[in-house]
Ligand SMILES: [Zn+2]
Ligand SMILES: [Zn+2]
């Protein structure tokens, strides 16, 4: 076989593999596309984001409510002596609903108006979805790290925009969105920009939003389970809930939301959780 034949075979093999990757996701994408009217509605982005957020929060809310009565359930809690009260949960929830209606909804409508929804017939390749989602998470992690450091190092920015999120020194799931309008919109903007920069397929964009919401919810859950993502990823590359809980307790470390490399690089990484010793 000469060189050009070998290259033709390699191209053919690559095309077949790519098509197989797309075929895997095609039924799921067809099911999603069947709801085009809803996907194209200006109400979709805000309802999607709120519904996904609340679905991920719900198990942790139940766990918090039950663990107040059943001490055994506090085994995996990062700060077993600090449980959110019902009043605190309601305050965080109302604040989140208010921010979604007053700030996020108008911005997502503007985004919907300026960037019409595109829903191509073909699904993306599974491999590409994984790579693009990972790339978006890395980019979002970097943007959030820079935003976070700046809002801690400049006192005016901290007091005006970020202090609200630090009202609670112990993480609990509904604290995830307990933040100022500026913080909510900035982080929402970063999340929205990542799939555009990476030129993601709309399906990848949705998957990235879901994974991103899950990771931010898990970070604030206040629980560390043996199956938590940061325990499954080797070399401490992901910080997970203990990392972010340390940030809420100590303020001056662990600025990156998901990965640890930026904090490692800038000397702001703190590993040991103070409550670990008292357990
Ligand atoms: Zn902070
Ligand atoms: Zn936080």
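Residue numbers (full-length UniProt numbering): 1 to 279.
Positions of the beta carbon are idealized from the N, C-alpha and C atoms, including for glycine.
Values in this document were obtained by computation on a predicted structure and should not be read as measured data.
Check: How long is the line joining the alpha carbons of residue 121 and residue 211, rounded to whole angstroms?
Finding: Reading the chain shown from its first residue, position 121 is the one you call residue 121. Reading the chain shown from its first residue, position 211 is the one you call residue 211. Each residue's Cα considered, the two are about 23 Å apart.
Note to self: Just checking residue 261 against ligand 1 - is the residue's beta carbon closer than 7 Å to any of the ligand's heavy atoms?
What the structure shows: As a first step, residue 261 is located in the chain shown; it is residue number 261 there, counting from the start. Outside the cutoff, so no.
Next item on the list: Have a look at residue 114 and residue 136 and give me their C-alpha separation to the nearest angstrom.
Entry: Mapped onto the chain shown, residue 114 falls at position 114. Mapped onto the chain shown, residue 136 falls at position 136. Those two C-alpha atoms are separated by around 22 Å.
Check: On the premise that residue 177 lies in contact with residue 254, defined as a C-beta separation below 8 Å, what is that separation, rounded to the nearest angstrom?
Finding: Here residue 254 refers to the residue found at position 254 when the chain shown is read from its first residue. Here residue 177 refers to the residue found at position 177 when the chain shown is read from its first residue. With a contact defined as Cβ atoms closer than 8 Å, residue 254 and residue 177 miss out at about 19 Å.
Margin query: Output needed for residue 102: all residues of its chain with C-beta closer than 8 Å, excluding positions within five of it in sequence on either side, in chain order.
Written below: For the purposes of this step, residue 102 is taken as residue 102 along the chain shown, with counting starting at 1. The answer, listed in chain order, is 181.
Checklist line | Residue span of the alpha helix (DSSP H) that contains residue 143, given as start and end | finding: To locate residue 143, count along the chain shown from 1; it is residue 143. 126-153 is the span of the alpha helix (DSSP H), which, as asked, contains residue 143.
Check: Is residue 81 near ligand 1, going by C-beta to nearest heavy atom under 7 Å?
Finding: Within the chain shown, residue 81 is the residue found at index 81, counting from 1. No.
Next item on the list: Could you check if residue 63 is buried or exposed, using at least 16 other CB atoms within 10 Å of its CB as the buried criterion?
Entry: As a working mapping, residue 63 is identified with position 63 in the chain shown. Residue 63 counts as buried, since at least 16 other C-beta atoms from the protein chains shown sit within 10 angstroms of its C-beta.
Check: Contact between the stretch 81-95 and the stretch 23-43: three or more CB pairs below 8 Å?
Finding: Counting C-beta pairs closer than 8 Å gives fewer than three between the stretch 81-95 and the stretch 23-43, which falls short of the contact rule.
Notebook entry, point to check: Excluding sequence positions up to five away, which residues of its chain have a Cβ less than 8 Å from the Cβ of residue 151?
Noted result: Locating residue 151 in the chain shown gives position 151, counting from the first residue. Closer than 8 Å at the Cβ level, and outside the excluded window around residue 151, lie 157, 158, 161, 162, 183.
Next item on the list: Compute the Euclidean distance between the alpha carbons of residue 73 and residue 67, then round it to the nearest angstrom.
Entry: Counting from 1 along the chain shown, the entry for residue 73 is found at position 73. Counting from 1 along the chain shown, the entry for residue 67 is found at position 67. Their backbone Cα atoms lie some 5 Å apart in a straight line.
Margin query: DSSP has residue 259 in a bridge; who is on the other side?
Written below: As a first step, residue 259 is located in the chain shown; it is residue number 259 there, counting from the start. 238, per the DSSP bridge assignment.
Checklist line | Residue environment, residue 90, which counts as buried when at least 16 other CB atoms sit within 10 Å | finding: Counting from one through the chain shown, the residue named residue 90 turns up at place 90. With fewer than 16 Cβ atoms within 10 Å of its Cβ, residue 90 is classed as exposed.
Notebook entry, point to check: Touching or not, the stretch 136-146 and the stretch 50-60, by the rule of three or more beta carbon pairs under 8 Å?
Noted result: Segments in contact, no.
Next item on the list: Look at the alpha carbon of residue 96 and the alpha carbon of residue 131, and state the distance between them as a whole number of angstroms.
Entry: Residue 96 sits at position 96 when you count from the first residue of the chain shown. Residue 131 sits at position 131 when you count from the first residue of the chain shown. Taking the straight line from one Cα to the other gives about 31 Å.
Notebook entry, point to check: What is the DSSP secondary structure of residue 69, reduced to helix, strand or coil?
Noted result: Residue numbering aside, residue 69 sits at position 69 when the chain shown is read from its first letter. Reduced to three states, the DSSP call for residue 69 is coil.
Margin query: By the DSSP assignment, the alpha helix (DSSP H) with residue 112 in it spans what residues?
Written below: In the chain shown, residue 112 corresponds to position 112, counting from 1. Its alpha helix (DSSP H) spans residues 105-114.
Checklist line | Straight-line gap, residue 245 to residue 217 (C-alpha atoms, nearest Å) | finding: Translated into positions along the chain shown, residue 245 becomes position 245. Translated into positions along the chain shown, residue 217 becomes position 217. Straight-line Cα distance between these residues: approximately 12 Å.
Item checked: Range of the contiguous alpha helix (DSSP H) that encloses residue 173 -> The residue you call residue 173 lines up with position 173 of the chain shown. Here residue 173 belongs to no alpha helix (DSSP H), and DSSP marks it neither H nor E.
Notebook entry, point to check: For residue 16, which residues from the same chain have a beta carbon less than 6 Å from its beta carbon, with the 5 sequence-adjacent residues on both sides left out?
Noted result: Against the chain shown, residue 16 aligns to sequence position 16. In this prediction, residue 16 scores a pLDDT of 48, lower than 50, which makes its location untrustworthy; the coordinate-derived value is nonetheless stated afterwards. If we look at residue 16 and ignore the five residues flanking it on each side, it has no Cβ neighbours.
Check: Of the choices 50, 109, 249, whose alpha-carbon is the least far from that of residue 40?
Finding: Start at 1 with the first residue of the chain shown, and residue 40 comes out as number 40. Of the candidates 50, 109, 249, the one whose C-alpha sits nearest the C-alpha of residue 40 is 109.
Check: Using a threshold of 7 Å, is the CB atom of residue 148 nearer than that to any non-hydrogen atom of ligand 1?
Finding: The residue you call residue 148 lines up with position 148 of the chain shown. Residue 148: yes, Cβ under 7 Å from ligand 1.
Next item on the list: Determine the contact status of residue 240 and residue 173, defining contact as a CB-CB distance below 8 Å.
Entry: Here the question's residue 240 lines up with position 240 in the chain shown. Here the question's residue 173 lines up with position 173 in the chain shown. No; because the gap between Cβ atoms is not below 8 Å, this pair is not in contact.
Check: Looking at the structure shown, is residue 269 part of a helix, part of a strand, or coil, going by DSSP?
Finding: Residue mapping note: residue 269 aligns to position 269 of the chain shown, counting from 1. In this structure, residue 269 counts as coil in the three-state DSSP scheme.
Next item on the list: Please report how far the alpha carbon of residue 153 lies from the alpha carbon of residue 219, in whole angstroms.
Entry: On the chain shown, position 153 is the one that residue 153 refers to. On the chain shown, position 219 is the one that residue 219 refers to. Whole-angstrom Cα-Cα distance: 22 Å.
Checklist line | Cβ-based burial, residue 260 [other Cβ within 10 Å; buried from 16] | finding: Mapped onto the chain shown, residue 260 falls at position 260. Buried is the call here.
Margin query: For ligand 2, I want to know if residue 243 counts as a neighbour, meaning its beta carbon is within less than 7 Å of at least one of the ligand's heavy atoms.
Written below: Taking the first residue of the chain shown as position 1, residue 243 is located at position 243. False, no ligand heavy atom lies under 7 Å from that Cβ.
Margin query: Here's a check: name, in chain order, each residue in its chain whose Cβ is nearer than 7 Å to the Cβ of residue 92, leaving out the five neighbours to either side.
Written below: Sequence index remark: in the chain shown, residue 92 carries index 92 (1-based). If we look at residue 92 and ignore the five residues flanking it on each side, its Cβ neighbours are 174, 175, 178.
Margin query: What residue range does the alpha helix (DSSP H) around residue 82 cover?
Written below: Counting from 1 along the chain shown, the entry for residue 82 is found at position 82. Segment: none, residue 82 is in no alpha helix (DSSP H) and carries neither H nor E.
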